[in-house]
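In my numbering, the protein residues as written are 385 to 481.
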């Protein structure tokens, strides 16, 4: 199960948070067992904490083209307000409920 501190909606900007119904195309939503993207999603099978604010996971990636095994990493900023990407330009902000 993905820990609560990683869950929520994540977007490129706070303005993108208001784009409901799949229009937040650069971001994603994390639940206890899924990561939902613009058109596809991952069903998370296993989670391993790699640090206080990072985890590695294995999943089944499901798209209109089918299903395939996948893996990934989620990393949070120290304050939990940003999902860190490979560089600063790909960071996402946590949407406010």
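Idealized CB from N, CA, C, for every residue including glycine. Predicted, not measured: the structure shown is a model, and the values here were computed from it.
- DSSP places residue 450 in the uninterrupted beta strand (DSSP E) bounded by 450-459.
- For the options 434, 449, 478 and 473, the alpha carbon positioned closest to that of residue 457 is the one of 434.
- A check of alpha carbon separations from residue 386 across 460, 469, 471 and 470 identifies 460 as the nearest.
- Nearest in C-alpha terms to residue 423, of all of 455, 411 and 478, is 411.
- Less than 9 Å divides the Cβ of residue 427 from the Cβ of residue 418.
- When the beta-carbon positions are compared, residue 390 and residue 467 come within less than 9 Å of each other.
- Counting only residues of its own chain and dropping the five nearest sequence neighbours on each side, residue 451 has a CB closer than 6 Å to the CB of 444.
- For residue 462, the number of other beta carbons within 10 angstroms of its own is below 16, and it is reported as exposed.
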